[in-house]
Ligand code: ZN
């Protein structure tokens, strides 16, 4: 396989990049000064080496534990469960939430073969079972899979004696939390409802 095919093949695996775009990006890089490609390669290598999931909440971090878990001013009694680490950024930008997070690593989707065991649900159950958590706010996306995930979390967490709430439906159905504006997220959080 040629170097061009090799890179184009890797780029085409990224979300939103088809084979055609992958080839266009590859040829674009070849037209640039060589140092730019070297810098890109170095940035990718550094990213892969340094960034890892926080062992507590699965947020992405370069430290041993993420900044949110280490922040003593945040309320460890409230955990906001999100699908992806990128959702944390969206909620943080809204500036309303001062609790902790839990990144599930996706959503339950039987059609795609994704079950609870493929997510970090067991780790969330352990955090809740630890006893210090009073409320879990389920902030999965307002999609069919996001709702199914929310229902599953309700079923496994409520028996542990924790309050389980769901963010309100201010978010567009089928929308993505990551791209929602701060006001919408803040409203969805404050109008959250009981799941049990
Ligand atoms: Zn963390």
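In the numbering used here, the protein residues as written are 614 to 809. Cβ coordinates follow ideal geometry from the N, Cα and C atoms, glycine included. Fair warning: this is a prediction, and the values are worked out from it, not measured in the lab.
Straight-line Cα distance separating residue j from residue i
i: residue 697; j: residue 716; result: 6 Å
i: residue 730; j: residue 769; result: 13 Å
i: residue 639; j: residue 620; result: 7 Å
i: residue 679; j: residue 671; result: 8 Å
i: residue 673; j: residue 660; result: 11 Å
i: residue 805; j: residue 799; result: 10 Å
i: residue 736; j: residue 689; result: 15 Å
i: residue 728; j: residue 647; result: 44 Å
i: residue 624; j: residue 726; result: 24 Å
i: residue 684; j: residue 789; result: 27 Å
C-beta contact flag for residue i and residue j at 8 Å
i: residue 694; j: residue 634; result: no
i: residue 703; j: residue 791; result: yes
i: residue 776; j: residue 738; result: no
i: residue 675; j: residue 687; result: no
i: residue 650; j: residue 657; result: no
i: residue 681; j: residue 740; result: no
i: residue 677; j: residue 803; result: no
For residue i, the nearest candidate out of the options (CA to CA)
i: residue 755; options: 638, 676, 721 and 667; result: 721
i: residue 706; options: 797, 808, 691 and 643; result: 797
i: residue 700; options: 687, 691, 684 and 718; result: 718
i: residue 810; options: 750, 616 and 656; result: This structure gives no information on residue 810, because the portion of the chain shown stretches from 614 to 809.
i: residue 622; options: 642, 636 and 665; result: 636
i: residue 771; options: 805, 667 and 742; result: 742
i: residue 781; options: 760, 765 and 774; result: 760
i: residue 667; options: 618, 714 and 630; result: 714
Secondary structure of residue i, DSSP reduced to three states
i: residue 771; result: helix
i: residue 584; result: Residue 584 is absent from the structure shown; the chain starts at 614 and stops at 809.
i: residue 709; result: coil
i: residue 801; result: helix
Classification of residue i by the beta-carbon crowding that lies within 10 angstroms, buried from 16 upward
i: residue 712; result: buried
i: residue 734; result: buried
i: residue 627; result: exposed
i: residue 810; result: What the structure shows of the chain is the stretch from 614 to 809, and residue 810 is not part of that stretch, so it cannot be assessed.
i: residue 654; result: exposed
i: residue 763; result: buried
i: residue 732; result: buried
i: residue 616; result: exposed
i: residue 724; result: exposed
i: residue 793; result: buried
i: residue 745; result: exposed
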